[in-house]
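Have a look at the structure below, then the notes.
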Amino acid sequence: MKNSVLVILASIILVSCGTSHTAKKYTYKRPAASYKPANSKKLNSSYTGNLSGKRKSVVNGAENYLGTPYKYAGNTPSGFDCSGLVCKVFGENQLSLPRRSQDQAKYGQPIEIGLVKPGDLLFFATSGSSISHVGIVHNILNGGEVTFIHSSTSKGVIISSLNEAYWNKAFLFARTVL
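First residue of the sequence shown: 1, per full-length UniProt numbering; consecutive thereafter.
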């Protein structure tokens, strides 16, 4: 009986490990520049559309990873989770941030969403009420739509919009570290 239980447990462990699969590399297609959802909100951003210095470098660095697969606890070009992507991109720009999104949320200065610029950080509660996700502001489109680069569990590193219902509902606050 004891041996049977051990054999069953060993089988379960072997089978569960064997069902994992390699993360898929997604081909990212950027939305057309004219894309603007009907429900977009006008924001009073001071962003003029011109990027330079660290902001430009951070955004360009994040763009380089578009299509990289999601990997739990990943922080390398073979796979990222959300905070790993932020750490990697900011680290490549000589800006050290903590590894966890909850800790990243304590750095820099709080900023109103209407004043964010590319390179700022957005924080979300995707499960419950505590911080569980982070993204890097990518652009402020005509009409004030805020887009951000992040690592999603289903599609890897992509650009999303705060106008998407899921992200709009989950959004908590923004911070600037640049």
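Heads up, the beta-carbon is just placed ideally off N, CA and C, and yes, glycines get one too.
Keep in mind the model is a prediction, meaning the values are calculated, not measured.
Length of the line joining the Cα atoms of residue i and residue j
| i | j | result |
| --- | --- | --- |
| residue 170 | residue 153 | 15 angstroms |
| residue 129 | residue 53 | 35 angstroms |
| residue 25 | residue 69 | Only weak support is given to the placement of residue 25: the predicted model assigns it a pLDDT of 34, under 50, and the value that follows is read from those uncertain coordinates. Taking the straight line from one Cα to the other gives about 5 angstroms. |
| residue 126 | residue 102 | 13 angstroms |
| residue 78 | residue 139 | 25 angstroms |
| residue 132 | residue 106 | 13 angstroms |
| residue 88 | residue 151 | 12 angstroms |
| residue 67 | residue 50 | 25 angstroms |
| residue 175 | residue 121 | 5 angstroms |
| residue 162 | residue 111 | 15 angstroms |
| residue 72 | residue 80 | 7 angstroms |
| residue 117 | residue 75 | 24 angstroms |
Nearest-angstrom Cβ-Cβ length linking residue i and residue j, presumed shorter than 8 angstroms
| i | j | result |
| --- | --- | --- |
| residue 137 | residue 148 | 5 angstroms |
| residue 55 | residue 135 | Contact flag wrong, Cβ pair sits at about 15 angstroms. |
| residue 90 | residue 123 | Between residue 123 and residue 90 the Cβ distance is about 15 angstroms, and since that is not below 8 angstroms, they are no contact. |
Buried/exposed call for residue i, threshold 16 Cβ in 10 Å
| i | result |
| --- | --- |
| residue 109 | exposed |
| residue 84 | buried |
| residue 61 | buried |
| residue 145 | buried |
| residue 96 | exposed |
| residue 39 | Because residue 39 carries a pLDDT of 37, less than 50, the predicted location of this residue cannot be relied on, and the following value inherits that uncertainty. Residue 39 is exposed by the Cβ-count criterion. |
Along the chain, which unbroken stretches of the alpha helix (DSSP H) at least 4 residues long are found entirely within the UniProt domain "NlpC/P60" (52-178)? 53-63, 82-91, 101-104 and 165-170
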